[in-house]
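Trainee: There's a structure below that I have some questions on.
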Amino acid sequence: MRKRNHVIPVRLNAREVRELNEQVERSGLSREEFMRSLILGTQVHAKPCEHHSELLRKIAGLCNNANQLAHVANASGMASEQSIQEMLRLTKETWHLVKEEW
Numbered sequence: 005m006r007k008r009n010h011v012i013p014v015r016l017n018a019r020e021v022r023e024l025n026e027q028v029e030r031s032g033l034s035r036e037e038f039m040r041s042l043i044l045g046t047q048v049h050a051k052p053c054e055h056h057s058e059l060l061r062k063i064a065g066l067c068n069n070a071n072q073l074a075h076v077a078n079a080s081g082m083a084s085e086q087s088i089q090e091m092l093r094l095t096k097e098t099w100h101l102v103k104e105e106w
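If you're matching positions, the sequence shown starts at 5 in the numbering used here and goes up one per residue.
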């Protein structure tokens, strides 16, 4: 048996259909999922761009390196020049990715 067995036809004009289709496209959801989300009061956000996961990986790597650098600095009282340079390189690379892709 279907969970959703109520069909509610809705009439829209051309502008409304265009706007609905644009919002559905931006959300990455099906039209039905999009409408149900709106009815239930869920905030519908635009789907992440294709570079989003790459950016998150870069930021995670940056945070991981910063954490490792902090552990080394806390244990030895200082960080190596190589560690600092690697951290700066990753930071610049991540910032460049953000500027270019977003």
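Using N, Cα and C, we set each Cβ at its ideal position, and we do this for glycine too.
As the structure is a prediction and not an experimental result, all values here were calculated from the model.
To the nearest angstrom, how far is the alpha carbon of K7 from that of R61?
Mentor: So the alpha carbons of these two residues sit roughly 38 Å apart.
Trainee: Do three or more CB pairs link the region 40–56 to the region 86–98 at distances below 8 Å?
Mentor: The region 40–56, when compared against the region 86–98, does not touch it at the 8 Å Cβ threshold.
Trainee: Across the region 84–95 and the region 63–73, are there enough close Cβ pairs to call them in contact, namely three or more that are closer than 8 Å?
Mentor: Segments in contact, yes.
Trainee: Just to confirm my understanding: we take E39, look at its own chain, exclude 5 residues before and 5 after, and list those with CB closer than 7 Å. What are they?
Mentor: Inspection of the sequence shows that residue 39 is occupied by Met rather than by Glu. Same-chain partners within the cutoff: there are none.
Trainee: Less than 8 Å between the beta carbons of N69 and L33, yes or no?
Mentor: Against a cut-off of 8 Å, the Cβ pair of L33 and N69 comes out as no contact.
Trainee: For E90, tell me which candidate among L66, E104 and I43 has the shortest Cα-Cα distance.
Mentor: Closest by alpha carbon: L66.
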